[in-house]
Amino acid sequence: MANNVSRRNFFKMAGATAAVGAAAAVAPAAVAQAITPTLRDKNGVGVYNEWDRMESVLVGHPDRFLMPEVDWPLENYQGLDEEIKVEMRERAGNYLEDLQPETHKQAQKEMNALAEVFEKHGVQVIRPEQPSEELCRGERMVNAPCLSVTTR
Numbered sequence: 001m002a003n004n005v006s007r008r009n010f011f012k013m014a015g016a017t018a019a020v021g022a023a024a025a026v027a028p029a030a031v032a033q034a035i036t037p038t039l040r041d042k043n044g045v046g047v048y049n050e051w052d053r054m055e056s057v058l059v060g061h062p063d064r065f066l067m068p069e070v071d072w073p074l075e076n077y078q079g080l081d082e083e084i085k086v087e088m089r090e091r092a093g094n095y096l097e098d099l100q101p102e103t104h105k106q107a108q109k110e111m112n113a114l115a116e117v118f119e120k121h122g123v124q125v126i127r128p129e130q131p132s133e134e135l136c137r138g139e140r141m142v143n144a145p146c147l148s149v150t151t152r
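So in full-length UniProt numbering, the last spot in the sequence shown is 152, and the numbers never skip.
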C-alpha cells in the first residue's frame, strides 16, 4: 500500500498546519497583552517579566510576627513530627519577639540589610507600616515577616 495523499487532502492538512502555527505565534502575545494590566497595581508596582531591571520591592518587618495556630492541614501533615506540633500548639498566638528575642533581632538585622542592598543598587524599597495590635490579633489576618494580608 502506497503512502499517497491526494492533492485535496494535502492542501487540507497544509492549511490546518498553517492555521495552528499562526494561532500558536499570535496566542502568547494576545495572552500577554490581556494579562499585563493586572500585573501592576494603581501605583505602578508590579512585574512584566523576570529579567527586567528591578525598580521597586516590598521588604517587610519581623515585628508582630504571630506564631500560627496548628490548623487541620498542619495537624494532618505527615512530614511534621508530633513534638514539633506540640511545640507549635504551646507557642500559638504569641509573638516571635516575646518567644525568641534573639531570632527576632537577627531577622530584623537581615531584613534591614536586605533593604540596604536593594537601595544601594538603586531599587526603591517600600517598607509597609506596622499593623496595629488589634489587627494582628484579628481572625482575618495572615501575618508573616514579609507579608501581611487582611480581608475586609
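Where is the CB? At the ideal position from N, CA and C, for every residue including glycine.
Only a predicted model underlies this, so the values are computations on that prediction, with no experimental measurement involved.
DSSP places glutamine 100 outside both helix and strand once states are collapsed to three, so it counts as coil. Here the stretch 57-71 lies against the stretch 98-113, with 3 or more beta-carbon pairs under 8 Å apart. In terms of Cβ geometry, leucine 96 and histidine 104 form a close pair [threshold 7 Å].
Per DSSP, the continuous alpha helix (DSSP H) segment holding leucine 74 begins and ends at 72-75.
Here valine 70 is buried: its Cβ has 16 or more other Cβ atoms, across all protein chains shown, within 10 Å. The beta carbon of proline 128 sits closer than 8 Å to the beta carbons of Leu58, Gly60, His61 and Ser148 from its chain, once the five residues preceding and following it are set aside; these are given in chain order.
Within a 10 Å sphere around the beta-carbon of methionine 54 sit fewer than 16 other beta-carbons, which makes this residue exposed. Take the alpha-carbon of valine 117 and the one of glycine 46: they are about 20 Å apart. Closest option to glutamate 119, judged by alpha-carbon separation, among Glu82, Ser56 and Leu99: Ser56. Per the DSSP secondary-structure output, isoleucine 126 pairs in a beta bridge with Leu58.
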